[in-house]
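Protein chains in written order, with the numbering used here: chain S, -7 to 217; chain H, 191 to 442; chain A, 97 to 389. Note that CB positions come from ideal geometry on N, CA and C, so glycine has one too.
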């Protein structure tokens, strides 16, 4: 029975399909995490401005995204937009938009708290040396905020990778779904396949997130010296 | 000391909400002059320094540097900070940069000077304050006194014509105060124009050309140090100076 | 500061509530107008448009063997897919399958992202308000599995005996209502019920007939003595509400296919390997849209 289970992994196109599923997962994760980092930094900087209107809008945006489950957001982007406005996005595009909206909001809040944790004196001594606002952020504030940002941002990125499995509900077939398809197709002929497939998925997820953790540890170590 | 006016402040006003911090400050500083400003905490002396280099916006009056108005809103801070350097109470070096990078960053990025030239200058200054071996150290590896001396070099490397010192020894352990003040004394010998806010009275007496006593957002007394410390012209200054003296206190 | 925060939160909540409310109204309005104007609203593709595009888009399950699944070569297979392939052939177009989930089948139709749903869709009155069902092509009822040594072939044999059921299933409701003399042993999970049957803690186990049939085939010594019992649920294709042309086409096709016993062939190809010969195809298959009790 055992060997029958593992054989399923290598039968026909199964292995390739699982890897193609992983590719969808990685593509979605990489695009949305990178975009969220860039837009989240801008959003975080906007949030530290003491402009009432900006503060109000960003706050509402953040609360809205936080209150809405990601699944609801995915349904709104994929089905809701079609129904309300006749806009027909592909499942992948809808997923990219929702994940960027979500990632930007969460990342923005992380950047905001990292920025306000930098003492006021750092801003002032920089200003007294003649740095412009942009130079101040680029050379002094952001590099220091980044160091505090790495652990929570890593956490967010990992959460985003894991949450990509939700996109199956708007028709995007990623790794986990491919796994379920393979398991169900062999449900009657090789019930132990489930163990092997989930094991393979675990390793593939692990090896997708592991480089991130390694890179973060490496950066943290380098900055500690 | 040349007889040329470097800095002229006219009727400076500063308010926070409906609280007036500086009421009406006028002052002229000549090139090479060392001005020491003393007064009780909350009298506005720190705010006064911060108004001179645009860290605070002013609500009235004007500041002139070499007869040129520099207090307007359209004057860029980058330009002012080339001429007026400032060192703060909290020795806030940039924690993510080495000592040498802390010192050279503004010269390279703001003044667009060559890296090699600036680093050479930085090394010279480091050697002068006895910190040549700390070039590659990070701020957290340094003592408070060392950090403050590096903060001074970081301001000096931009070749300012005026230096502002805002209670630079106030958060230092007593044994480190001297090493920092010695740097300022060295600057007086080079003829640097300085405005110093401090609570170190004997230091003030030693370096000041003129003392300004601030209270409640106003200049209460302006005097030469000997007269100010020995026989202050105003009652309020007298009371303030008395709070530093213990010879009338008898224990036992 | 605290008051400000509270005010912000309230404002945010108000806006969200308004957005949800407005969205809800809009959706209802949209469905209303579609119902009243019929095919005037083009949230779906007409028969002509499908034929012109050369491709019909069909929503199927991709992980519900043996009804809709993907084989090891990556192709869609199963009882539903077999029918989908035939529909496309009769339409004279290619077929494109989209993987759907139980939770989004209705949405896929309502937004016109698929033309037809063929995903083991059980006909219920609630769903019939949202989509239009075609004639059924399959039926599901209760099945009762028991050990070969003491095979239960009629519900009356269960009187005074213990029947294992899973909580919240149709089987539980059915036996409570129609056979109060049967002792029910209830479990939360399916695996527990099967274990209880194997351990002999009950005389028989009842749930959907497709489930027990597949299980009995894999477990020697157990047989489904009652293959079809209780209220029969039917399974049918569904189209966008008001897409009458497509609906009529599917219904006509189903009637026509009865002539060649199409769904029995479908059964032989896709379900027989799983359910074996112990079960009569007529317990599951509906031919020509006519459900025989």
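Status (buried if at least 16 other CB within 10 Å, exposed otherwise) for residue 359 (chain H): On the second chain, residue 359 (chain H) is found 169 positions in, with the first residue counted as 1. Residue 359 (chain H) comes out buried.
What are the uninterrupted segments assigned as beta strand (DSSP E) that are 3 or more residues long and contained completely in the segment 178 to 204 of chain A, given in chain order? Runs found: 190 to 195.
Could you please give the first and the last residue of the uninterrupted beta strand (DSSP E) stretch that includes residue 204 (chain H)? Within the second chain, residue 204 (chain H) is the residue found at index 14, counting from 1. Where residue 204 (chain H) is concerned, the enclosing beta strand (DSSP E) stretches over 195 to 206.
Are three or more beta carbon pairs between the segment 322 to 340 of chain A and the segment 278 to 290 of chain A nearer than 8 Å? No, the segment 322 to 340 of chain A is not in contact with the segment 278 to 290 of chain A.
Give the range of the alpha helix (DSSP H) segment to which residue 221 (chain A) is assigned. Indexing the third chain from 1 puts residue 221 (chain A) at position 125. Per DSSP, residue 221 (chain A) belongs to the alpha helix (DSSP H) from 221 to 226.
Where does residue 239 (chain A) sit, in a helix, a strand or coil, going by DSSP? Counting from one through the third chain, the residue named residue 239 (chain A) turns up at place 143. Strand at residue 239 (chain A).
Could you list the residues in the segment 127 to 147 of chain S with a C-beta less than 7 Å from some C-beta on chain H, going in chain order? Answer set for the segment 127 to 147 of chain S: 127, 131, 132, 135, 136, 139.
Within the continuous beta strand (DSSP E) that includes residue 382 (chain H), where are the two ends? Taking the first residue of the second chain as position 1, residue 382 (chain H) is located at position 192. Per DSSP, residue 382 (chain H) lies in no beta strand (DSSP E) segment and is marked neither H nor E.
Could you give the uninterrupted runs of the beta strand (DSSP E) lying entirely in the segment 255 to 299 of chain H, keeping only those of 3 residues or more? When DSSP assignments are scanned along the segment 255 to 299 of chain H, the uninterrupted stretches of beta strand (DSSP E) that are 3 or more residues long and fall wholly within it turn out to be 274 to 277.
Can you tell me whether DSSP reads residue 342 (chain H) as helix, strand or coil? Within the second chain, residue 342 (chain H) is the residue found at index 152, counting from 1. DSSP places residue 342 (chain H) in helix when its eight states are reduced to three.
Using only CA atoms, which one of H:371, H:356, H:352 lies nearest to residue 319 (chain H)? Taking the second chain and counting its residues from 1, one reaches residue 319 (chain H) at position 129. Nearest C-alpha to residue 319 (chain H): H:371.
Beta-carbon within less than 8 Å of residue 406 (chain H)'s beta-carbon, same chain only, minus the 5 sequence neighbours each way: which residues are those? Indexing the second chain from 1 puts residue 406 (chain H) at position 216. 213, 233, 234.
In chain order, what residues of the segment 107 to 128 of chain S put their CB closer than 8 Å to some CB of chain H? Cβ contacts with chain H come from 111, 113, 114, 116, 117, 118, 119, 120, 121, 122, 123, 124, 127.
Closest Cα partner of residue 327 (chain A) within the set A:194, A:157, A:379, A:182: On the third chain, residue 327 (chain A) is found 231 positions in, with the first residue counted as 1. Nearest C-alpha to residue 327 (chain A): A:379.
Would you say residue 286 (chain H) reaches chain S, if we count a Cβ-Cβ gap shorter than 8 Å as a contact? Reading the second chain from its first residue, position 96 is the one you call residue 286 (chain H). Yes, contact with chain S.
Test item: CB-CB of residue 176 (chain S) and residue 168 (chain A) under 8 Å: In the first chain, residue 176 (chain S) corresponds to position 184, counting from 1. In the third chain, residue 168 (chain A) corresponds to position 72, counting from 1. It is not a contact, given that the beta carbons lie outside the stated cut-off.
Three-state secondary structure assigned by DSSP to residue 408 (chain H): Within the second chain, residue 408 (chain H) is the residue found at index 218, counting from 1. Of the three classes helix, strand and coil, the one that applies to residue 408 (chain H) here is strand, per DSSP.
Going along chain S, which residues have a C-beta under 9 Å from residue 302 (chain A)? Within the third chain, numbered from 1, the residue matching residue 302 (chain A) stands at position 206. Per Cβ cutoff of 9 Å: no residues; residue 302 (chain A) is ~21 Å from chain S at best.
For the alpha helix (DSSP H) containing residue 262 (chain A), list its first residue and its last residue. As a position in the third chain, residue 262 (chain A) is number 166, starting the count at 1. First-last for residue 262 (chain A): 258 to 262, but that is the beta strand (DSSP E), not the alpha helix (DSSP H).
Is any beta-carbon of chain S found at less than 8 Å from that of residue 276 (chain H)? As a position in the second chain, residue 276 (chain H) is number 86, starting the count at 1. Answer yes: the Cβ-Cβ gap between residue 276 (chain H) and chain S drops below 8 Å somewhere.
Using the beta-carbon count (16 or more within 10 Å), is residue 338 (chain A) buried or exposed? Sequence index remark: in the third chain, residue 338 (chain A) carries index 242 (1-based). Residue 338 (chain A) comes out buried.
Test item: CB-CB of residue 375 (chain H) and residue 352 (chain H) under 8 Å: Start at 1 with the first residue of the second chain, and residue 375 (chain H) comes out as number 185. Start at 1 with the first residue of the second chain, and residue 352 (chain H) comes out as number 162. For residue 375 (chain H) and residue 352 (chain H), no; Cβs fall outside 8 Å.
Sorted by chain position, which residues of the same chain lie with C-beta nearer than 6 Å to residue 31 (chain S)'s C-beta, five sequence neighbours on each side aside? Sequence index remark: in the first chain, residue 31 (chain S) carries index 39 (1-based). Taken in chain order, the residues that qualify are 96.
Consider the Cβ of residue 170 (chain A): report whether some Cβ of chain S lies at a distance smaller than 8 Å. Here residue 170 (chain A) corresponds to residue number 74 of the third chain, with the count starting at 1. By this cut-off, residue 170 (chain A) is an interface position.
Give me, in chain order, the residues of the same chain whose beta-carbon lies closer than 8 Å to that of residue 363 (chain A); leave out the 5 immediate sequence neighbours on both sides. Taking the first residue of the third chain as 1, we reach residue 363 (chain A) at position 267. So the qualifying residues of the chain are 175, 377, 380, 381.
Are the segment 329 to 345 of chain H and the segment 246 to 253 of chain H touching by the rule of at least three beta carbon pairs closer than 8 Å? Contact between the segment 329 to 345 of chain H and the segment 246 to 253 of chain H is absent, with fewer than three C-beta pairs closer than 8 Å.
Distance check for residue 193 (chain S) and residue 308 (chain A), CA to CA, integer angstroms please. Within the third chain, numbered from 1, the residue matching residue 308 (chain A) stands at position 212. Within the first chain, numbered from 1, the residue matching residue 193 (chain S) stands at position 201. So the two alpha carbons sit approximately 30 Å from each other.
For residue 196 (chain H) and residue 221 (chain H), the rounded distance between their alpha carbons: As a working mapping, residue 221 (chain H) is identified with position 31 in the second chain. As a working mapping, residue 196 (chain H) is identified with position 6 in the second chain. Spanning the two alpha carbons is a distance of roughly 5 Å.
Name, in chain order, the residues that DSSP records as bridge partners for residue 300 (chain A). For the purposes of this step, residue 300 (chain A) is taken as residue 204 along the third chain, with counting starting at 1. Answer by DSSP bridge pairing, in chain order: A:259.
Contacts around residue 80 (chain S), its chain only, beta-carbon distance under 6 Å, and the 5 residues preceding and following it disregarded: Indexing the first chain from 1 puts residue 80 (chain S) at position 88. These residues qualify, in order along the chain: 74.
Minimum Cβ-Cβ distance from residue 360 (chain H) to chain S less than 8 Å: Here the question's residue 360 (chain H) lines up with position 170 in the second chain. Taking Cβ atoms only, chain S never reaches closer than 8 Å to residue 360 (chain H), which makes this a no.
Would you report the Cα separation of residue 149 (chain A) and residue 342 (chain A), rounded to the nearest angstrom? By 1-based counting over the third chain, the position of residue 149 (chain A) is 53. By 1-based counting over the third chain, the position of residue 342 (chain A) is 246. If you draw a straight line from the Cα of residue 149 (chain A) to the Cα of residue 342 (chain A), it is about 14 Å long.
At the 8 Å Cβ level, is residue 88 (chain S) part of the contact set with chain A, yes or no? For this step, residue 88 (chain S) is matched to residue 96 along the first chain. Under the 8 Å criterion on CB atoms, residue 88 (chain S) is classed as non-interfacial with respect to chain A.
Taking C-beta to C-beta, are residue 163 (chain S) and residue 83 (chain S) nearer than 8 Å? Position 171 of the first chain, counting from 1, holds the residue named residue 163 (chain S). Position 91 of the first chain, counting from 1, holds the residue named residue 83 (chain S). Judged by beta-carbon spacing, residue 83 (chain S) lies within the 8 Å limit of residue 163 (chain S), meaning their Cβ atoms are closer than that value.
If we ignore side chains and look at the alpha-carbon of each, how far apart do residue 136 (chain A) and residue 44 (chain S) end up? In the third chain, residue 136 (chain A) corresponds to position 40, counting from 1. In the first chain, residue 44 (chain S) corresponds to position 52, counting from 1. Residue placement at residue 136 (chain A) cannot be trusted, given a pLDDT of 36 that sits under 50; what the coordinates show is reported in the next sentence. Their backbone Cα atoms lie some 47 Å apart in a straight line.
Residue 276 (chain H) to residue 105 (chain S) span [Cα, whole Å]: Position 86 of the second chain, counted from the first residue, corresponds to residue 276 (chain H). Position 113 of the first chain, counted from the first residue, corresponds to residue 105 (chain S). For residue 276 (chain H) and residue 105 (chain S), the distance between alpha carbons rounds to 28 Å.
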